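Protein chains in written order, with the numbering used here: chain A, 54 to 177; chain B, -9 to 75. C-beta: ideal position from N, C-alpha, C; glycine also. Here the structure is a predicted model, which means the values were calculated and not measured.
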Amino acid sequence: MNTVYDIIGAVLILVGSIFLFLGGLGIFRMPDVYNRLQAGTKATTLGGMSTILGVGFLMVDTYWGWLVKAIIIVMFIAFSNPISSHALARAMYKRKRYPLITSDDENMDAYREVDENKKKEEAL
Amino acid sequence: MIYIIYIALVFMILGLFFAGFRFIKGPTAGDRTVALDTLTTILVAGLVVLAYIFQRYIYLDVALVYAVLGFIGVIVIARYLEGAL
């Protein structure tokens, strides 16, 4: 019953579900849109990929198609999740919701000055 | 059947609860869209886990189609918020 595939699958599912929970908690706790994007996209990508691969490893003894279809879903998540997070961050920046910055480092949001100068030149 | 899958379901339901709270409460539309993206990914993993619990191979297709539709929805909402649509 307990083959090596079962052990690999169980470990992957446990790690992945903990990362999914941490993604949801980060969405709930973080103060800003960009911090929420970080927590909710990176942690959830790793958690989803790990959980789906774990289910594929658990069922690979019964039918090998489970692992193939799990790899297809994992590849789709790995391609699509960064694209959607990038589109959301770009949309939020173009709506002028700038990041919360509490440090004095002026290079953290260096594009903001360029953006405001461009808007001033267009107004003139 | 491996019982660790139920522990995984409990963690996923807790994550869905927190992300759903942000989806309801979120101050702006961007926060709600980020929460929708997270909810979609957690639900795809949950559908795959449910396919293992019920031992149905065909439910993986449901998870794949839901991932595609959620991705397209988030992209369309982001383009609309940007003002390009």
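* State yes or no: is the beta carbon of ILE124(A) nearer than 8 Å to at least one beta carbon in chain B? => Output row for ILE124(A): interface = no.
* To do: Can you pull the chain B residues whose beta carbon is under 9 Å from the beta carbon of LYS171(A), in chain order?
  => Here the premise fails: no neighbours, minimum Cβ distance about 16 Å.
* Asked: Closest to LEU153(A) by CA distance: which of ASN88(A), ALA140(A), LYS171(A), LYS173(A) is it?
  -> Measuring from the Cα of LEU153(A), the nearest candidate turns out to be ASN88(A).
* Please check if any C-beta of chain B sits within less than 8 Å of the C-beta of ASP168(A). => Residue contact with chain B for ASP168(A): absent (no Cβ-Cβ distance below 8 Å to any residue of chain B).
* Asked: MET83(A) and ALA92(A): beta carbons closer than 8 Å?
  -> Going by C-beta atoms, MET83(A) is nearer than 8 Å to ALA92(A).
* Please classify VAL0(B): does DSSP put it in a helix, a strand, or coil? => Assigned with DSSP and collapsed to three states, VAL0(B) falls in helix.
* Is there at least one Cβ from chain A nearer than 8 Å to PHE1(B)'s Cβ? -> Look at PHE1(B): its C-beta is under 8 Å from a C-beta on chain A.
* Touch test, the segment 66 to 83 of chain A against the segment 151 to 168 of chain A, Cβ-Cβ under 8 Å, three pairs minimum -> Three or more Cβ pairs closer than 8 Å define a contact, and the segment 66 to 83 of chain A falls short of that threshold against the segment 151 to 168 of chain A.
* Asked: Can you find at least 3 beta carbon pairs, one from the segment 105 to 115 of chain A and one from the segment 133 to 145 of chain A, that sit closer than 8 Å?
  -> At 8 Å Cβ cutoff, the stretches do not touch.
* Asked: Going along chain B in order, which residues have a C-beta closer than 9 Å to the C-beta of ALA144(A)?
  -> What ALA144(A) touches in chain B, judged by beta-carbon distance under 9 Å, is GLY20, THR23, ILE67, ALA68, ARG69, TYR70, LEU71, GLU72, GLY73, ALA74, going in chain order.
* Enclosing alpha helix (DSSP H) for ILE(-8)(B) [first to last residue] -> Run containing ILE(-8)(B): none; DSSP gives neither H nor E here.
* **Straight-line Cα distance separating VAL68(A) from GLY195(A)** => This structure gives no information on residue 195(A), because the portion of chain A shown stretches from 54 to 177.
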